[in-house]
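One point on numbering: in numbering that gives the first Met the number 0, the residue at position 44 of the sequence shown is 43, and numbering is uninterrupted.
Read through the structure below, which is laid out as structure tokens, and then see the notes.
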Amino acid sequence: MKHVFGPVSSKRLGQSLGVDLLPPKSCTWNCVYCQLGKTRKLITERQEFFPREAILEEIRTAIDGKENIDWITFVGSGETMLYKGIGWLVSEVKKLTSIPVAVITNGSLLYIPEVREELLEADAVLPSLNAGSEVLHDRIGRPAPGLTFRRHIEGLAAFRREYKGRLWIEVMLLGGINDSDEALQDIAEVLREINPDMVHLVLPTRPAPEQVVHLPSEERIERAISILSQVAAVVHPAKGVMDLTGSPDLVQAVTAIVSRHPVQQRELLKAVENCFPGEKEKAAGMMKTMLESGRFTVINHNGEPYWVISEH
Ligand code: SF4
């Protein structure tokens with residue numbers, strides 16, 4: 000499948016079937032922590048990058064007869080809301096199934112009324128907010144011209160007023176960048192303005208190809224939870240658990256996931272082992288075969304091996 004991948008399991012969204020609407024990498028930001036590497040060309044113009052009917056057909060096929068999907072999640076190789084017509088897709092998916100729909104977005108285009116309108120039928124929207132000041136907003140997100148900090152906050156606040164679903168703000172906590180008390184208090188202040196249902200704290204656990212970013216210390220994570228929970232309930236950062244069981248083509252499923260973000264080798268091995276209960280050797284053999292295929296490369300990040308897609 001070209002646009003649909005997973006399901007991938009996470010603490011936040013359970014078994015989540017991913018839908019990627021974008022050619023890599025199409026984004027309005029160029030975050031220092033991005034797992035997809037540098038945004039070579041920042042874009043803000045929305046387009047229907049791929050025919051919406053073909054994407055809907057893929058979703059229909061992927062969910063057919065499956066009972067282990069908790070969420071259908073629009074997420075992917077860049078900023079999701081750059082896809083013009085996402086509102087139509089959300090609406091059509093909701094006609095197809097009772098599985099709730101989530102949209103992960105950096106939120107940078109929410110200042111545009113028609114973008115907000117396209118999200119109204121989603122069950123949960125997860126926009127990013129990594130800074131409570133213009134300086135850190137620009138330093139972390141390195142946005143396209145015109146996507147200012149104030150515009151970001153005003154877009155999020157306007158969306159909150161119009162949206163009746165669950166608004167879960169994602170805060171990426173970066174060691175040495177936005178984890179000081181001052182930076183966290185600034186984030187808390189703008190969160191008050193936005194009034195989300197929940198805050199999801201996330202960590203840069205995966206390698207960022209462009210520049211080194213650091214995990215915050217446990218003490219800083221606890222401090223962030225303590226400061227931000229004065230505004231909304233905070234979900235503790237947790238790593239997702241990948242689920243490959245039930246994938247008709249294991250190599251294709253792994254390729255679809257690894258092409259969207261680096262995957263820790265340990266996590267991948269565990270997921271492959273779960274496909275072959277009691278047959279650890281078979282799982283190890285499968286890992287070896289996949290690696291020998293040349294599709295994947297192992298890189299090192301914080302002393303941990305990760306799988307990434309090989310560049311040809
Ligand atoms: S918004 Fe997401 S895709 Fe875009 S640069 Fe930031 S992390 Fe990467």
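Built from N, CA and C at the ideal position, the CB exists for glycine as well.
Compute the minimum distance between the beta carbon of residue i and the heavy atoms of the ligand SF4, and state whether it is under 6 Å.
i    : result
W167 : no
G84  : no
N105 : yes
G75  : no
L290 : no
L155 : no
L35  : yes
W28  : yes
Are there 16 or more other CB atoms within 10 angstroms of the CB of residue i, so buried, or fewer, so exposed?
i    : result
H2   : buried
V134 : exposed
P276 : exposed
H199 : buried
H235 : exposed
A231 : buried
G175 : exposed
D242 : buried
S25  : buried
G377 : Shown here, the chain extends from 0 to 311; a query on residue 377 therefore has no answer.
S216 : exposed
I103 : buried
T38  : buried
V170 : buried
V114 : buried
M117 : Correcting the residue identity first, residue 117 is Glu in this sequence and not Met. Buried.
P316 : Nothing about residue 316 can be read from this structure; the chain reaches only from 0 to 311.
G75  : buried
R149 : exposed
R159 : buried
With 7 Å set as the bound, which would you pick, yes or no: does the beta-carbon of residue i sit closer than that to a beta-carbon of chain C?
i   : result
Y82 : In summary, chain C is missing from the structure at hand, where a single protein chain is found.
Thinking residue i and residue j are a contact (beta carbons under 8 Å), I'd like their distance in whole angstroms, please.
i    : j    : result
R219 : D185 : Contact doesn't hold; Cβ gap of about 15 Å is too wide.
A187 : L227 : 6 Å
Q251 : E303 : Not confirmed; about 25 Å, so no contact.
L173 : I139 : 7 Å
A207 : V31  : 7 Å
F4   : A255 : 4 Å
L20  : F73  : 6 Å
I54  : P6   : Their Cβ separation, rounded to whole angstroms, is 17 Å, which puts I54 and P6 out of contact at 8 Å.
G131 : V189 : 5 Å
Y82  : E56  : Between E56 and Y82 the Cβ distance is about 16 Å, and since that is not below 8 Å, they are no contact.
S90  : N105 : Wrong, their Cβ atoms sit about 22 Å apart, outside the cutoff.
Please list, in chain order, all residues of the same chain as residue i whose beta carbon is under 7 Å from its beta carbon, the five residues on each side excluded.
i    : result
S107 : T27, W28, E78, P142, L146 and H151
M197 : W167, A231, A232 and V234
G164 : A121, D122, A123 and V124
E272 : K279 and A282
R51  : G84, W87 and L88
S246 : A252
K40  : none
Within its chain, find whatever has a CB closer than 6 Å to the CB of residue i; leave out the 5 residues flanking it on each side and keep chain order.
i    : result
A156 : E192 and I193
I308 : V257 and S258
P195 : L166, I168 and A231
K281 : F275
Q210 : V31
I298 : Y305 and V307
G36  : P208 and E209
G154 : L109 and Y110
P23  : S76
M285 : V271
Quick one: residues in its chain with C-beta nearer than 8 Å to the C-beta of residue i, no 5 flanking neighbours on either side, listed in chain order?
i    : result
I71  : S15, L16, V18, I58, I62, V92, T96, I98, P99, V100 and A101
L214 : G174, L202, P203, T204 and N301
Q229 : A187
Inset, instruction - Would you mind listing the alpha helix (DSSP H) stretches within the stretch 185-259 that are 4+ residues and don't spill past its ends, in chain order? - result: 217-227 and 249-257
Legend entry - Completely contained alpha helix (DSSP H) runs for the stretch 114-162, where each covers 4 or more residues: 133-140 and 148-161
Inset, instruction - Starting from the N-terminal side, write out each stretch of the beta strand (DSSP E) that is 3 residues or longer and does not extend beyond the stretch 69-109. - result: 70-73 and 100-104
Inset, instruction - Could you pull out every unbroken alpha helix (DSSP H) segment of at least 4 residues lying fully inside the stretch 2-68, listed in chain order? - result: 51-62
Legend entry - Segments of 3+ residues assigned as beta strand (DSSP E) that fall wholly inside the stretch 272-300: 295-300
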